[in-house]
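Report on the structure given below.
Protein chains: 4
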Amino acid sequence: MSGNTFGTLFTVTNFGESHGPAIGCVIDGCPPGMALSEADIQHDLDRRRPGTSRHVTQRQEPDQVQILSGVYQGVTTGTPIALMIQNTDQRSKDYSDILQTFRPGHADYTYTQKYGVRDPRGGGRSSARLTAPTVAAGAVAKKWLAEKLGTTFIGCMTQLGEHAIGFEDWAHVPNNPFYAPVADVAYLEAYMDSLRKAGDSCGARIRVVARGMPVGLGQPIYDRLDADIAYAMMGLNAVKGVEMGAGFASVAQRGSTHGDSLTPKGFANNNAGGVLGGISTGQDLEVSIAIKPTSSILTPRDSIDSAGQAVQVQTKGRHDPCVGIRATPIAEALLALVVMDHALRHRAQCGDVLPPVHPIPAQRGD
Amino acid sequence: MSGNTFGTLFTVTNFGESHGPAIGCVIDGCPPGMALSEADIQHDLDRRRPGTSRHVTQRQEPDQVQILSGVYQGVTTGTPIALMIQNTDQRSKDYSDILQTFRPGHADYTYTQKYGVRDPRGGGRSSARLTAPTVAAGAVAKKWLAEKLGTTFIGCMTQLGEHAIGFEDWAHVPNNPFYAPVADVAYLEAYMDSLRKAGDSCGARIRVVARGMPVGLGQPIYDRLDADIAYAMMGLNAVKGVEMGAGFASVAQRGSTHGDSLTPKGFANNNAGGVLGGISTGQDLEVSIAIKPTSSILTPRDSIDSAGQAVQVQTKGRHDPCVGIRATPIAEALLALVVMDHALRHRAQCGDVLPPVHPIPAQRGD
Amino acid sequence: MSGNTFGTLFTVTNFGESHGPAIGCVIDGCPPGMALSEADIQHDLDRRRPGTSRHVTQRQEPDQVQILSGVYQGVTTGTPIALMIQNTDQRSKDYSDILQTFRPGHADYTYTQKYGVRDPRGGGRSSARLTAPTVAAGAVAKKWLAEKLGTTFIGCMTQLGEHAIGFEDWAHVPNNPFYAPVADVAYLEAYMDSLRKAGDSCGARIRVVARGMPVGLGQPIYDRLDADIAYAMMGLNAVKGVEMGAGFASVAQRGSTHGDSLTPKGFANNNAGGVLGGISTGQDLEVSIAIKPTSSILTPRDSIDSAGQAVQVQTKGRHDPCVGIRATPIAEALLALVVMDHALRHRAQCGDVLPPVHPIPAQRGD
Amino acid sequence: MSGNTFGTLFTVTNFGESHGPAIGCVIDGCPPGMALSEADIQHDLDRRRPGTSRHVTQRQEPDQVQILSGVYQGVTTGTPIALMIQNTDQRSKDYSDILQTFRPGHADYTYTQKYGVRDPRGGGRSSARLTAPTVAAGAVAKKWLAEKLGTTFIGCMTQLGEHAIGFEDWAHVPNNPFYAPVADVAYLEAYMDSLRKAGDSCGARIRVVARGMPVGLGQPIYDRLDADIAYAMMGLNAVKGVEMGAGFASVAQRGSTHGDSLTPKGFANNNAGGVLGGISTGQDLEVSIAIKPTSSILTPRDSIDSAGQAVQVQTKGRHDPCVGIRATPIAEALLALVVMDHALRHRAQCGDVLPPVHPIPAQRGD
């Protein structure tokens, strides 16, 4: 495959550029017979949408999704579901300057060197805008998983720049622009305001969880469930690190502590993050990702031009000072796509296996 | 694909169980015309081999590789290269007990629930022994990459359990059983000895680097170079975390610091870890992975049996007290396989692109 | 992959239903730097378009293609090329009757049984209308192949129902609605008129040729060039047979006759149809396909309804009395897609192989 | 994928050369829990094996298969099944002459030009010997399909050179070396004897049938069941044509005749060959293939050498005068592999679909 298709059986082929006529995707392999409308998809798109608080890019995009195929009388038919989102807020300007220089930390340089040409309008293909079709596809996967397997997805921010964010309650997450699981986000707001004034940006750490997981998903040796999760997450713009369960902290753990005990009432804890040997245990999937600071900042930076000469680059325009702020629904969508694909893969090979041990219940604190 | 094949164009299909007649792989898509012999592959297998120090499993396996196809008169023909390693040291014993219980932190439970059956001999398919074919395939990729593109791979241990390991010199790496880049490893030896006596295990952090990288490898949006690296690394037994470049530290960085400046003499630093927008920059690839402590330990643990009843499990036999000790050559091999696959994918699509900017040199400290 | 994506490196993901809002495809893997506009694609779409003579369906569809992505300032960027064709002539009617019965020879029954649901509007997904995106993608492949490798594609009808059509000259092909290589098609017109009056339909045989082929395309053992051609052609609606070169006639040939002699001036003939051992010889690819008669006919037929009861089915409306009439440009497109994909696959693996023997020229009569 | 892997979910990766140490394959994706032993596979290998009558190559190969992995205590575990067949009868000789010339009709020329190098020993990778692993994998698929779905496979020869072979009874097929469904094969024996004396070869036509097919297998648009059958069959050495059902005869049929009527008791006939719209109808799959005459013949032929100069080539040694004679079990295996793969693909997407219409029974004459 050529790089813009995600998944093996539930596949998502992504297309579009930030300022082209439209962006979208084609979902192939969706099981037939599921009720599906644009409204089912729009909710998650609205969660990811720009322009909803002063802490994100002020670009105004309704991100209205249109189903072009694969649904008849409100029900999936098993044929490809094409989703299209028209780009509406494309400021027309002269891009010739931008084409001549490369923002540090940005894909400008690598796209140019790889392809020989690049679309500079709003970052072209490398724009985080291209995560919208992923979110749309994820909404379809989420719906099927919730209805058929009872699996649901939830995420939150656990760190913003230098500020670690404690966990209070999932209920807070929808009530602030950061997806932070805390009641009071004033310190985060102040932090973002100061960053914006300084013309700078920061990173974030996001946690994403799948609950109600079936046991047995994942294809060892190579297409392990956790391997495909890592692929999905690291493939998200600006991600520089991925952890499952205890993650990097497991390095300093002992085996006697790390290995989650099994009891008749379930696993005693979840250092594994819900995966053992590449296969889901039935516990919650626990994933954590590191998002780097946005590279498009007002602060001038050293760079080179297309002739290889030293220049200074300063990025004006509408950019997220922390792309991590809108990352939570995207990470949820990616996790849902991985689980969906493996649910179908598992059914293909092991559809008639009856798990010999009564699946032990997941232990959930939070 | 069905889970046991790695890669898109340079594919590795892995087979075998720890105590079956043989393990191995089929490499498909290797370019023709490259000199290749068993000796070219054996070197890396010997680096991964068990039984070479008192800190690893005492199982004695020569891991002698045999080329079954794809090479004629010492030269690759472009047809599949089948590699086979016979299993020699299989202690025969009664596995019926093992089949009835599940080691905490181990794949016993998940294999059983997924497939309904499992091969319990030495961990069967979930054994770390199955990394040997990956290492063998990686050696083929390394050879081609070194000869054609000048790309080389190196790795070391940067943390063992609680002990962070400072970087002194790559030259030390082959001189100690830990792949530690330091002259004096007495404290690591003592640490391992105490762990072994305690019947416990620990984790490790491994760093792996690709040098002499071409610019332009990687397929955005989904099959990014870093996404495929994360997939490869998280797919390795016991890995719980993957970082590129600054990794999780980038969360607390500012954009003005994180984004690597470009200068006519090269990038000023390498927070990116050699990838921007999913495409290689030409800088070194810098990858770091977290390996959890071994789950097979002498210390008794709470678990359940196949009837779901509470039991105590204690694992005797020959096990690595830290699987991270032998992980360095495996991580190198996985990185080489990803780079190899993307080198061919890039040539397929962009084989006639001339990078418009003279590639700027990689800056290398270490 | 999930069935609606064609190709390995130059991939085409098809979406849409006959009477949905739009049909189209996403082309992934197209090399960057090629000039491309809608006009380059429209020409072949117009050749396939319905309503252009009295011998094809009278549905009026302009089949106007729109490029949604992957092209910037008239040049391909190496990112996915999304093509969309809006459906305009969708007669609204009540489909509940159609949903209850199954046309003999049609996909009504199999779609219903496979998916449990189906879109009955104009045949839904099983409509030959869905070949339009294939033709559009084929036009992109044709352009690259012509410009880079000098490979071109041509096709004609060689039989219409009972009437074998002799070969006079390729020049006649564009001058009649049948793509027949003969000057006088009055007998074919009369034949079609009589069929239409009888409320019946007929089949056709189409020949399609690739000229200026490079030597060396094809991946033995399984993904042979001819295997992928057979896959492509048999996957076209209504095709029931595929031949390469001498095809079924080779059964009665002797080896001393069939094997094409090599001479310093080229192959002496082309029984192979341009492929030996699954790899292109450099001779013309010669493919012949059998297209069955249209199943949607006015003549009443025995069938069953969704309750399994006997009924009579008669298909009114706008249907091609011979789908083979418009099949020539589609078969050309499919052949181009296969060759394009294999050209990239070959470059990936063997991009630095210099064919040891000076390629011998193709012998072309016609 | 790189050309030597067959299938999407039930994958077969083939390796080996005619005179290398071993040939074999890795089957991935086989459902767990099926009883499997070498004996289950050996039967079909013995049917394909050389040296069993005077009408085939006299090379003596026991083709003894060995299971290297994926089976524990006689049951498949869901992990890759590696199968190996050692090559035993490799006459050692000097191949330098053979490397310098190209047999007309053979892959010598194309392999050389594609890869720059080739293994000349017994045809290397292009030898029909490499169909043995396909047959072995097919035996595994056949076993699962028979046990789970009641689907079985059968084939016969329907033409040998100029001699069409009438159908008498399937029971005759195992009783003669040609797989001919007739009692008296003396005329075929005489024909082959005369050919052999003449130092020439002939082609054959093979029919292969799947019975007890489930309705609903196949993935439109591109991965249709018939498309994948055509791919499989055309990918078999020496095949030049493939037909489904009425095949090329359907060109001259009318729609009123061709379309198989549905009745409450089943389809009235089977012009479709068991596939409509790319999806199985539940009727028998009916496939017919054309096999060209062997290219390795004693009769001298015009060719060129590696310097491009005219030479005469005469092939001595042990060759099948008609490769079609041993093709029947191979075609069965290929058909089984396609059906197996689609059975799993169908279960993945539509595993919970209940076909709304009670599947109508297949009508079987023969």
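Residue numbers (the working numbering), protein chains in the order written: chain R, 1 to 366; chain E, 367 to 732; chain S, 733 to 1098; chain G, 1099 to 1464. In this text, a Cβ means the ideal position worked out from N, Cα and C, and glycines have one as well. Computed from a predicted model, the values in this text were never measured in an experiment.
Cβ distance (whole Å) where S:K972 is taken to contact G:M1342 below 8 Å: 5 Å
Reduced DSSP secondary structure (H/G/I, E/B, other) of S:L831: helix
G:H1356, DSSP secondary structure in three states: helix
Nearest-angstrom Cβ-Cβ length linking G:D1353 and S:T1026, presumed shorter than 8 Å: Going by the sequence as given, residue 1353 of chain G is Gly instead of Asp. That pair is a contact at about 5 Å.
Chain R within 8 Å of E:A634, Cβ atoms only: yes
Touch test, the region 1031-1043 of chain S against the region 950-963 of chain S, Cβ-Cβ under 8 Å, three pairs minimum: no
For S:I773, three-class secondary structure by DSSP: Per DSSP, reduced to three states, the secondary structure at S:I773 is helical.
Within-8 Å CB hit, G:G1310 to chain S: With 8 Å as the cut-off, G:G1310 does not count as an interface residue toward chain S.
Touch test, the region 121-141 of chain R against the region 67-83 of chain R, Cβ-Cβ under 8 Å, three pairs minimum: yes
Beta carbon of G:S1299 nearer than 8 Å to that of G:I1395: Yes; because the gap between Cβ atoms is below 8 Å, this pair is in contact.
Proximal chain G residues relative to E:T476, where beta-carbon distance stays under 8 Å: Neighbours of E:T476 on chain G: none; closest Cβ ~12 Å, over 8 Å.
S:Y847 at chain R interface by Cβ criterion, 8 Å: yes
Of the listed residues E:S419, E:V483, E:D455, E:A615, nearest to E:N541 (C-alpha basis): Ranking the options by Cα distance to E:N541, first place goes to E:S419.
Between the CA atoms of G:I1428 and G:R1146 - distance to the nearest angstrom: 7 Å
Sequence-distant residues of the same chain with beta carbon closer than 7 Å to S:R857, five excluded per side: Same-chain partners within the cutoff: E749, D851.
Contact set for R:Y109: own chain, Cβ-Cβ below 6 Å, skip 5 residues either direction: Within the same chain, Cβ atoms closer than 6 Å to the Cβ of R:Y109 are found at F102, the five residues on either side in sequence being excluded.
Assigned exposure category for S:P1032 - 16 Cβ within 10 Å defines buried: exposed
Beta strand (DSSP E) segment containing G:E1341, residue limits: 1337-1342
7 Å Cβ cut-off: residues of chain S touching E:Q439: Under the 7 Å cutoff, chain S gives no residues; its nearest Cβ is about 15 Å from E:Q439.
Span separating the alpha-carbon of G:E1159 from that of G:W1242: 27 Å
Close beta carbons around S:N1003, own chain, < 6 Å, minus the five adjacent residues each side: G977, A978, H990, D992
As assigned by DSSP and simplified to three states, the class of R:D305: Taken through DSSP and simplified to helix, strand or coil, R:D305 comes out as strand.
R:G3 versus E:T497, E:G717, E:H712, residue with shortest Cα-Cα distance: Considering only alpha carbons, the answer is E:H712.
Identity of the residues DSSP links to E:N380 by a beta bridge: Its beta-bridge partners are E:C391.
Residue burial classification, R:E332 (beta-carbon count within 10 angstroms, cutoff 16): Buried, because 16 or more other Cβ atoms sit within 10 Å of the Cβ of R:E332.
C-beta contact flag for G:T1109 and G:G1131 at 8 Å: no
Positions along the region 703-720 of chain E whose CB lies within less than 8 Å of some CB in chain S: L710, R711, R713, A714, Q715, C716, G717, D718, V719
Beta-carbon proximity of G:G1297 to S:Q985, cut-off 8 Å: Their beta carbons are not under 8 Å apart, which means G:G1297 does not touch S:Q985 by this criterion.
Pairwise C-alpha distance: E:P387 and G:D1144: 24 Å
C-beta neighbour in chain R for S:A754, strict 8 Å: With 8 Å as the cut-off, S:A754 counts as an interface residue toward chain R.
Bridge partners - E:M523, DSSP secondary structure assignment: E:I572
Chain B within 8 Å of S:L1008, Cβ atoms only: The chain labelled as chain B is not found among the protein chains of the depicted structure, namely R, E, S and G.
Residues sharing a beta bridge with G:E1384, DSSP: G:V1307
Residue burial classification, R:Y187 (beta-carbon count within 10 angstroms, cutoff 16): exposed
Residue from R:K292, R:D352, R:A164, R:T281 whose Cα sits closest to the Cα of R:P214: R:T281
Opening and closing residue of the beta strand (DSSP E) in which R:Q86 lies: 81-86
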